[in-house]
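Report on the structure given below.
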Amino acid sequence: MAKYLVIVESPAKVKTIKKFLGANYEVMASNGHVRDFPKSQFGIDVDHDYEPKYITIRGKGEILAKLRKEAKKADKVYLATDPDREGEAISWHLSKALGLEDKKMYRITFNEITKTAVKESLKHARQIDMDLVDAQQARRMVDRMVGYRISPLLWAKVKRGLSAGRVQSAALRIIADREEEINAFVPEEYWSLDAQFKVTGEKKPVTAKFYGTTKEKMEIHSREEMDQVLAALKNAAFSVTDVKKGERTKKAPLPFTTSTLQQEASKVLNFSTSKTMRLAQQLYEGIDIEGQGTVGVITYLRTDSTRVSDEAAAQAVSYIGETYGENYLRHGETKKAPDRKIQDAHEAIRPTDIRRLPVKVKESLSRDQFRLYQLIWKRFAASCMADAKYHTTSVKIDGAGYRFTVSASVVAFDGFMSVYVQDEEKSDNPSLLKELGPDSELQLLEFEDKQHFTQPPAHYTEAALVKTLEELGIGRPSTYAPTISTIIARRYVAKEGRNLYLTELGEVVNHIMKQAFPSIVESDFTANVESLLDKVEEGVVNWKTVVSNFYPDLEEAVEKAEEDLQKVKIEDEVSDEVCELCGRNMVVKYGPHGKFLACPGFPECRNTKPYLEKIGVKCPKCGKEIVLRRSSKGRKFYSCEGYPDCDFVSWKRPEAPKEQTETAGEAVKD
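To convert, note that position 590 of the sequence shown is 590 in UniProt numbering; the numbers rise steadily by one, no gaps.
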């Protein structure tokens, strides 16, 4: 009996795929990459045509030994790593590390972990695509060059532990530029004017907004201008001069790509990009569903394509027709405007079976898994449904040469909105507008004038940054989440609430990068590298050409920066905590597991303490301060600073009692 070995990346897939394939197949996991550049060396032989030096990753020797043993026994070895550049490269590294011969080694890919998809992939086994591998090698080498040559410079000029990366430096520059915009912003005054009218025969008034004169739109910039308009309107007679009725269509959304999923999950569910990708990976790799076993419930999560397979589209048409009716089916194709390069390697993110309704699998999913799966399911279903239609009404009300306008829209056909509603447009007067016409008698009730000031650009959120990176062509679906996680972990950027703020350290690093390596932090440069990598993938450009063109300029810039750049000192944040060994005020330091307190007298005094962030709320048990802590798995929780003497603990952030809030308020007033 023939024996086959299938090698996947993640151990989470092993059990699922083994169940699909049966007894003749052994399924094992590589646990990601097995070879990489050595940590202690550059790993690229610049003098010999930029030849990379790969070694076995520490800790992977035992895994490789087990894989070699099984590979020798197998008649065929199927490399089933993820269906992208990274996955193709992992398969190639596996083939080298395991010494596999081409005659018994095959590459298979599947976009979803279902029995049909996995079995179908075996029928279309192929050889490793070296263009994909070379594109990944070129990316890895360019990023290695940037990190390995620039990071030590940052260590020498700023502080140890810093890093530079091609994509992360461009992302940091985007955030820094926005910070500069906000700081340089000068607010401008403007005014709004609303008029409230009573319509004869109606109980509720109509609120109309100031448009300008009857000839053109006009903006009011000051109190004086507002007073002039109000004086002219003081005894004016108002009448309806125009009523326009029409129809408006709201197009069904496209199914999710990696970028749009991250953006929508942030906006709707308040998930970080890394949390979204972690949960999506779990949904893709397989969920144990009662009565069905372990099965992947969504398709591959790293994609920039909105394409959907014919089979999935046909299944969706059948389900929507049965459930909602034929009139809810989409007519014609909904396509994304071809305004940028997309790889289109695999489908959009969608449920593997549209009939696997969120409510049916809710008990098998965690709360956050369910919320993300429901979002993906609804978006995909909506993308296959008809557009929504609105009846619109727009009314012009004139008086004393000035014009006010009021409009409303009412849903005529909900279409895709029956399953998926985003931001709804609200109308002030939806029911009254049908009564308004040229013969309507209007009585002015009051004017409401308000002063406003223009607002600075908003700070980036993770969702907004992902959208910008995608629009500028910086990075690819697989890089958005790790890029953001890296700049936050390195403390170049601080995340407060949803917003990303540039730190002092981030400001210094960005300044050095702009000064010494302007091309690397330019979005156009980074996007151009991505474009070249795409051409390598297509077989148009040789991968070593990309690398050999990049390195000499980088090396020259590093040498110049080592001579020209001044050393920058970032002062540690001083705390109120006093070192009990030497009496100095302790400072806040950052370690692998976050903040801690250390004595500034190091190395004479080596005292350290945990950093406990006070939240401004007293312990309900003993009256000491409540502090924020983290569990061994990194989850936030709150406890008394007097632990272990006081055992108060809560997962939920405690709120100050009313009397405590009032006392704090009085103190502020005093």
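Built from N, CA and C at the ideal position, the CB exists for glycine as well.
Just so you know, these numbers come straight off a predicted model, no measurement behind them.
Boundaries of the beta strand (DSSP E) in which residue i is found, first to last residue
i, result
"L230", "Premise fails: L230 lies in the alpha helix (DSSP H), 223–233, not in any beta strand (DSSP E)."
"F447", "442–453"
"Y501", "499–502"
"G191", "In the sequence under discussion, the amino acid at residue 191 is Trp, which differs from the Gly named in the question. Here the beta strand (DSSP E) through W191 covers 189–199."
"E219", "Run containing E219: none; DSSP gives neither H nor E here."
"T392", "388–399"
"R403", "402–413"
"G616", "613–618"
"M277", "Where M277 is concerned, there is no enclosing beta strand (DSSP E), although the alpha helix (DSSP H) it sits in stretches over 273–285."
"E26", "25–29"
"V295", "293–295"
CB of residue i within 8 Å of CB of residue j, strictly
i, j, result
"V118", "I7", "no"
"S383", "T393", "no"
"I354", "Q315", "yes"
"Y390", "K245", "no"
"E496", "S272", "no"
"V295", "T16", "yes"
"P351", "I320", "no"
"residue 707", "D131", "Past the edges of the chain, shown from 1 to 670, lies residue 707, and the structure says nothing about it."
"L5", "A74", "yes"
"V146", "R166", "yes"
"E522", "R476", "no"
"S440", "T241", "no"
"T276", "D398", "no"
"T257", "T303", "yes"
"I55", "R35", "yes"
"V308", "E347", "yes"
"residue 689", "P11", "What is shown of the chain runs 1 to 670, which leaves residue 689 out entirely."
"A381", "M417", "no"
"D572", "K589", "yes"
"N85", "A135", "It should be pointed out that residue 85 corresponds to Arg in this sequence rather than to Asn. Yes, the Cβ-Cβ distance between R85 and A135 is below 8 Å."
As assigned by DSSP and simplified to three states, the class of residue i
i, result
"R340", "Unreliable placement is indicated for R340, whose pLDDT of 43 sits below 50; no coordinate value is reported for it."
"P654", "coil"
"F596", "strand"
"K3", "coil"
"L172", "helix"
"G623", "coil"
"E573", "strand"
"N607", "coil"
"A12", "helix"
"V317", "helix"
"T213", "strand"
"T207", "strand"
"R307", "coil"
"L532", "helix"
"V668", "Because V668 sits at a pLDDT of 32, beneath the cut-off of 50, its placement in the model cannot be relied upon, and the following sentence gives the value as read from the coordinates. Three-state result, V668: helix."
"Q660", "Confidence is the limiting factor: at Q660 the pLDDT is only 47, short of 50, which leaves the residue's position unreliable, though a coordinate-based value still follows. Looking at Q660 - three-state DSSP - the assignment turns out to be helix."
"D36", "strand"
"I298", "strand"
"K589", "strand"
"I57", "coil"
"L21", "helix"
"V540", "coil"
"Y328", "helix"
"L628", "strand"
"R351", "Per the sequence shown, residue 351 should be read as Pro rather than Arg. DSSP places P351 in strand when its eight states are reduced to three."
"D524", "helix"
Run of the alpha helix (DSSP H) containing residue i, from where it starts to where it stops
i, result
"Y551", "543–564"
"G361", "At residue 361 the sequence reads Val, which differs from the Gly that was named. Note, V361: alpha helix (DSSP H), 358–361."
"K96", "85–97"
"K378", "367–383"
"K69", "61–73"
"V46", "Premise fails: V46 is in no alpha helix (DSSP H) and is neither H nor E."
"V77", "No alpha helix (DSSP H) contains V77, which is instead part of the beta strand (DSSP E) from 76–79."
"V419", "Premise fails: V419 is in no alpha helix (DSSP H) and is neither H nor E."
"P518", "518–521"
* Asked: Which ranges would you report for the alpha helix (DSSP H) in the stretch 236–268 if only whole runs of at least 4 residues count?
  -> none
Tell me, please, whether the stretch 152–162 touches the stretch 556–570 by the rule of three or more beta-carbon pairs shorter than 8 Å.
-> The stretch 152–162, when compared against the stretch 556–570, does touch it at the 8 Å Cβ threshold.
>> Please give me, in chain order, every unbroken run of the alpha helix (DSSP H) with length at least 4 that falls completely inside the stretch 101–187.
In response: 115–123, 130–157, 166–184
key: Inter-stretch contact at 8 Å, needing at least 3 Cβ pairs: the stretch 475–488 / the stretch 545–562   = No contact exists between the stretch 475–488 and the stretch 545–562.
Could you tell me whether the stretch 508–523 touches the stretch 192–200, where touching means 3 or more Cβ pairs closer than 8 Å?
no
- Task: Please determine if the stretch 199–214 and the stretch 397–414 are in contact, where contact requires at least 3 C-beta pairs separated by less than 8 Å.
- Result: Touching, yes.
- prompt: Along the chain, which unbroken stretches of the alpha helix (DSSP H) at least 4 residues long are found entirely within the stretch 459–513?
  reply: 462–472, 480–489
Q.
Check whether the stretch 102–110 and the stretch 29–41 touch, using three or more Cβ-Cβ pairs below 8 Å as the test.
A. No: fewer than three Cβ pairs fall under 8 Å.
| Quick check: the stretch 538–547 against the stretch 121–138, are there 3 or more CB pairs under 8 Å? | yes
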